[in-house]
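Residue numbers (our numbering): 74 to 257.
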């Protein structure tokens with residue numbers, strides 16, 4: 074019985090990864106400018122043009138939604154991650170990281186737009202597990218939005234936003250809630 078459950082769980086996990094991969098563009102198509110995004114980035118670009126809210130590394134309140142935020146990061150060696158980061162980028166010199174809170178007010182998705190090449194994970198409420206992204210896209214030639222990632226979220230849930238592998242002590246993001254039927 075335990076073996077059967079483990080096999081079914083592994084199959085479901087692989088199926089969810091395959092579904093997310095099918096919704097993301099091939100890497101070869103992610104080296105253009107801002108105009109090459111397949112995802113609708115009209116709102117993130119509009120919000121990017123407004124001044125960023127500065128957020129200290131010690132911030133305890135949830136990050137603002139639908140607003141550009143500039144997160145102060147700490148030396149990565151000083152950060153106690155909730156989960157091991159999903160990936161580490163090769164960076165020469167010092168790395169920066171941070172942990173922040175973000176709250177989902179309704180069921181749906183949280184689209185996270187990043188202004189720089191950093192790794193970030195969304196860690197789920199009380200389970201403290203990394204939330205698998207449902208979609209991902211980047212355009213290496215876009216000078217404003219380096220990538221945008223979509224995470225499924227549950228209403229009235231507090232998540233941990235974990236940033237790592239930043240070459241800079243600040244990183245800018247925009248968090249945009251989206252309904253389940255809203256296109257990426």
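For glycine and all other residues, C-beta sits at the position ideal for the given N, C-alpha and C.
Top-ranked residue by Cα proximity to residue i, from the options
i: residue 244; options: 227, 233, 219; result: 219
i: residue 203; options: 145, 129, 226, 179; result: 226
i: residue 141; options: 152, 123, 254; result: 123
i: residue 163; options: 239, 230, 207; result: 239
i: residue 184; options: 128, 247, 146; result: 247
i: residue 134; options: 206, 117, 160, 231; result: 231
i: residue 255; options: 119, 113, 139, 103; result: 113
i: residue 108; options: 101, 100, 118; result: 118
i: residue 176; options: 110, 136, 149; result: 136
i: residue 158; options: 233, 242, 253; result: 233
i: residue 192; options: 121, 156, 251, 201; result: 156
Boundaries of the beta strand (DSSP E) in which residue i is found, first to last residue
i: residue 172; result: 169–177
i: residue 144; result: 141–145
i: residue 97; result: Taken as a continuous stretch (DSSP letters only), residue 97 belongs to no beta strand (DSSP E), as it is neither H nor E.
i: residue 231; result: 230–239
i: residue 187; result: 181–187
i: residue 251; result: 243–251
Contacting residues, own chain, Cβ-Cβ under 6 Å from residue i (five flanking each side not counted)
i: residue 105; result: 212, 214
i: residue 209; result: 97, 222
i: residue 253; result: 181
i: residue 224; result: 183, 195, 204, 206
i: residue 257; result: 112, 208, 223
i: residue 143; result: 125, 127, 243, 245
Own chain, CB closer than 8 Å to residue i, minus 5 neighbours either side, in chain order
i: residue 154; result: 170, 172, 235, 237
i: residue 95; result: The pLDDT assigned to residue 95 is 46, lower than 50, so where the model puts this residue is not dependable, and the model offers no usable value.
i: residue 174; result: 132, 133, 134, 135, 136, 231, 232, 233, 234
Residue i, buried or exposed, once every other Cβ within 10 Å from all chains shown has been counted against 16
i: residue 186; result: buried
i: residue 194; result: buried
i: residue 127; result: exposed
i: residue 148; result: exposed
i: residue 206; result: buried
i: residue 166; result: exposed
i: residue 100; result: exposed
Cutoff 7 Å: residue i Cβ touching any chain B Cβ
i: residue 159; result: Of the chains in the structure shown, none is chain B; there is only one protein chain.
Length-filtered (3 minimum) beta strand (DSSP E) runs lying within the region 99–144: 126–128
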